[in-house]
Amino acid sequence: MAKLILSLWIALGGLLTINSYAAIEVYQFQAPAGEKRFQVLAEELRCPKCQNQNIAGSDSPIAKDMREELVALLNQGYTDQQIIDAMVQRFGDYVTYTPPVRPSTWLLWYLPFVLLAIGGLVILGLAYQQKRKRQQALPIESDAERQARLQQLLHSKEPNS
Amino acid sequence: MKRLLLFLPLAIFILMGAFFLRGLELDPSARESALIGQPLPDFRLPTLENPQRYISKADLQGQVVLLNVWGSWCPSCYQEHPSLLKAAHEYQIPVIGLNYKDEEAAAKVYLQKQGNPYAFNLVEREGERKLAFDLGVYGAPETFIVDAQGVVRYHLAGVLTDAILQQEILPKVRQWQN
Numbered sequence: 001m002a003k004l005i006l007s008l009w010i011a012l013g014g015l016l017t018i019n020s021y022a023a024i025e026v027y028q029f030q031a032p033a034g035e036k037r038f039q040v041l042a043e044e045l046r047c048p049k050c051q052n053q054n055i056a057g058s059d060s061p062i063a064k065d066m067r068e069e070l071v072a073l074l075n076q077g078y079t080d081q082q083i084i085d086a087m088v089q090r091f092g093d094y095v096t097y098t099p100p101v102r103p104s105t106w107l108l109w110y111l112p113f114v115l116l117a118i119g120g121l122v123i124l125g126l127a128y129q130q131k132r133k134r135q136q137a138l139p140i141e142s143d144a145e146r147q148a149r150l151q152q153l154l155h156s157k158e159p160n161s
Numbered sequence: 001m002k003r004l005l006l007f008l009p010l011a012i013f014i015l016m017g018a019f020f021l022r023g024l025e026l027d028p029s030a031r032e033s034a035l036i037g038q039p040l041p042d043f044r045l046p047t048l049e050n051p052q053r054y055i056s057k058a059d060l061q062g063q064v065v066l067l068n069v070w071g072s073w074c075p076s077c078y079q080e081h082p083s084l085l086k087a088a089h090e091y092q093i094p095v096i097g098l099n100y101k102d103e104e105a106a107a108k109v110y111l112q113k114q115g116n117p118y119a120f121n122l123v124e125r126e127g128e129r130k131l132a133f134d135l136g137v138y139g140a141p142e143t144f145i146v147d148a149q150g151v152v153r154y155h156l157a158g159v160l161t162d163a164i165l166q167q168e169i170l171p172k173v174r175q176w177q178n
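Residue numbers (full-length UniProt numbering), protein chains in the order written: chain A, 1 to 161; chain B, 1 to 178.
Structural data, given as structure tokens:
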């Protein structure tokens, strides 16, 4: 049991590793909050050339261009949403890891909750069925009836078995 | 009824299997450009042929053009080059080059050796974020069809083959020419 818990923790730890930055670049930010916002947005924006990497972690030329554009837009006073909109306008929804909620993305956003609800209903249904079965299996007997059944069992049993 | 219920996991498995099997055949890098149906972004870029000559969006309008993003550093560009030559010479489609993150001398050698399908080449150097970035170009080669009003009508990321040229690009170009 302890081993199982330990291995679960190790697996969890593997999921929670922090992205390392592939590129070492120096950017100049005009506002002191700029660097923090840069890091958040660079994690949030997805490299269009790579299959599943954000622009913070990618070495591809387009990711570098996007980091530079990100810095330029931050320094021009764009809000986070305006920056994401500007990138989506060029590269499509693909470029952000949190695509906007609209009819074409409803499945993506809401399907997990629908599945969770279905799973919950199934479990409730099963539990209810079990409970009813248990109640049916044990009809209420009087003491005399029980006594009779016990005697029957005892006598039908062969000795030394 | 109970018995049928036992087949539910199998049904779910088959459904998911079909879903994932389809996923195997999809090209994960193929996706529609965000620029389809949108006007070409404004730009002003020099040409490879004459660095003093600047081209802007208005200069492209009035005809349906293929805009091809290329670089002499890009192996797939060599691969698609014969198809571009065919588009320009055999099918008379105006092809405009966007020389992307390239060096001038290398680009000129490329055109001398491979042949030149381009009416002219816009130049966007490494470190610049102008037309290619605004078009959402994330590599080379990429090819766009821009109609006579300057609206982007088609986008291909990757190698242009003869088959794509004949089955997709040529009909699209003819469609927007009329």
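Where a beta carbon is used, it is the ideal one built from N, C-alpha and C, also for glycine. Note that the structure is predicted; figures quoted are calculated from it, not measured.
**Item:** Nearest-angstrom Cα separation, counted from R44(B) out to A105(B)
**Value:** Residue numbering aside, residue 105(B) sits at position 105 when the second sequence is read from its first letter. Residue numbering aside, residue 44(B) sits at position 44 when the second sequence is read from its first letter. Going by the C-alpha atoms only, they are around 22 Å apart.
**Minimum C-alpha distance to V26(A) - residue among Q152(A), A56(A), R46(A)** = Within the first sequence, the letter at position 26 stands for residue 26(A). The shortest C-alpha separation from V26(A) is found at A56(A).
**Request:** Taking all protein chains shown into account, decide if A42(A) is buried (16 or more other Cβ within 10 angstroms of its Cβ) or exposed.
**Result:** By one-based count along the first sequence, residue 42(A) stands at place 42. It is buried - the Cβ of A42(A) has at least 16 other Cβ atoms within 10 Å.
**Request:** Return the bridge partner residues of I145(B) from the DSSP annotation.
**Result:** To locate residue 145(B), count along the second sequence from 1; it is residue 145. L66(B), Y154(B), per the DSSP bridge assignment.
**Message:** Is P48(A) close to chain B? Criterion is C-beta to C-beta, closer than 8 Å.
**Reply:** Walking along the first sequence from the start, residue 48(A) turns up at place 48. Yes, P48(A) lies at the interface with chain B (some Cβ there is under 8 Å from its Cβ).
**Request:** Report, in whole angstroms, the separation of the C-beta atoms of E124(B) and L131(B), which I expect to be a contact under 8 Å.
**Result:** By 1-based counting over the second sequence, the position of residue 124(B) is 124. By 1-based counting over the second sequence, the position of residue 131(B) is 131. Right, their Cβ atoms sit about 6 Å apart.
**Request:** Tell me, please, which residues DSSP counts as bridged to Y54(B).
**Result:** In the second sequence, the residue the question calls residue 54(B) occupies position 54. Partner(s): P46(B).
**Cβ contact check for the segment 65-78 of chain B and the segment 5-18 of chain B: 3 or more pairs under 8 Å** = no
**Request:** Could you tell me how far apart the beta carbons of D134(B) and P41(B) are, in whole angstroms, since I believe they sit closer than 8 Å?
**Result:** Locating residue 134(B) in the second sequence gives position 134, where the first residue counts as 1. Locating residue 41(B) in the second sequence gives position 41, where the first residue counts as 1. 4 Å between Cβ atoms; contact.
**Prompt:** Got a sec: which bits of the segment 17-29 of chain B sit with their beta carbon under 7 Å from any beta carbon on chain A, in order along the chain?
**Reply:** P28
**Burial state of Y154(B) (16 or more Cβ within 10 Å)** = To locate residue 154(B), count along the second sequence from 1; it is residue 154. It is buried - the Cβ of Y154(B) has at least 16 other Cβ atoms within 10 Å.
**Prompt:** If we cut at 8 Å on Cβ distances, does K130(B) have a partner in chain A?
**Reply:** Here residue 130(B) corresponds to residue number 130 of the second sequence, with the count starting at 1. No - not a single Cβ of chain A is within 8 Å of the one on K130(B).
**Request:** Using a Cβ-Cβ cut-off of less than 8 Å, list which residues of the segment 77-104 of chain B approach chain A; keep chain order.
**Result:** K101
**Message:** Please state the DSSP three-state secondary structure of R102(A).
**Reply:** Residue 102(A) sits at position 102 when you count from the first residue of the first sequence. In the structure shown, R102(A) sits in coil (DSSP, three-state: anything other than H, G, I, E or B).
**Message:** Could you pull the DSSP bridge partners for Y100(B) from this structure?
**Reply:** In the second sequence, residue 100(B) corresponds to position 100, counting from 1. Looking at the DSSP assignment, Y100(B) forms a beta bridge with E124(B).
**Request:** Run down chain B in chain order and give the residues with a C-beta less than 8 Å from the C-beta of G92(A).
**Result:** As a first step, residue 92(A) is located in the first sequence; it is residue number 92 there, counting from the start. Ordered by position in chain B, the residues that pass the 8 Å Cβ test against G92(A) are R31, E32, S33, A34, G136.
**Prompt:** Under the three-state reduction of DSSP, which class applies to A105(B): helix, strand or coil?
**Reply:** For the purposes of this step, residue 105(B) is taken as residue 105 along the second sequence, with counting starting at 1. Looking at A105(B) - three-state DSSP - the assignment turns out to be helix.
**Request:** Counting only the same chain and skipping the five closest in sequence on each side, list residues whose C-beta sits under 8 Å from that of C50(A).
**Result:** One-based indexing of the first sequence puts residue 50(A) at position 50. Cβ neighbours of C50(A) beyond the five flanking positions: S58, S60, A63.
**Request:** State the Cα-Cα distance for the pair A22(A) and Q53(A), rounded to the nearest angstrom.
**Result:** Translated into positions along the first sequence, residue 22(A) becomes position 22. Translated into positions along the first sequence, residue 53(A) becomes position 53. Low confidence applies here, because A22(A) scores a pLDDT of 49, under 50, leaving its location unreliable; read the following figure in that light. Whole-angstrom Cα-Cα distance: 11 Å.
**Request:** Could you tell me whether any Cβ in chain A is nearer than 8 Å to the Cβ of K144(B)?
**Result:** For the purposes of this step, residue 144(B) is identified with residue 144 of the second sequence, where counting begins at 1. What sits at residue 144(B) in the sequence shown is Phe, not Lys. No, because no Cβ of chain A sits closer than 8 Å to the Cβ of F144(B).
**Prompt:** Is A163(B) near the ligand ADP, in the sense that its beta carbon is under 7 Å from a heavy atom of that ligand?
**Reply:** Among the components of this structure there are no ligands whatsoever, and the ligand ADP is therefore not found.
**Prompt:** With a CB to CB cut of under 6 Å and the five nearest residues on each side skipped, what residues in its chain are close to P46(B)?
**Reply:** Walking along the second sequence from the start, residue 46(B) turns up at place 46. Y54, V123.
**Prompt:** Below 8 Å, can you find three or more Cβ-Cβ pairs linking the segment 109-121 of chain B to the segment 144-153 of chain B?
**Reply:** no
**Against chain B: residues of the segment 51-66 of chain A by CB proximity under 7 Å** = Q51, P61, I62, D65
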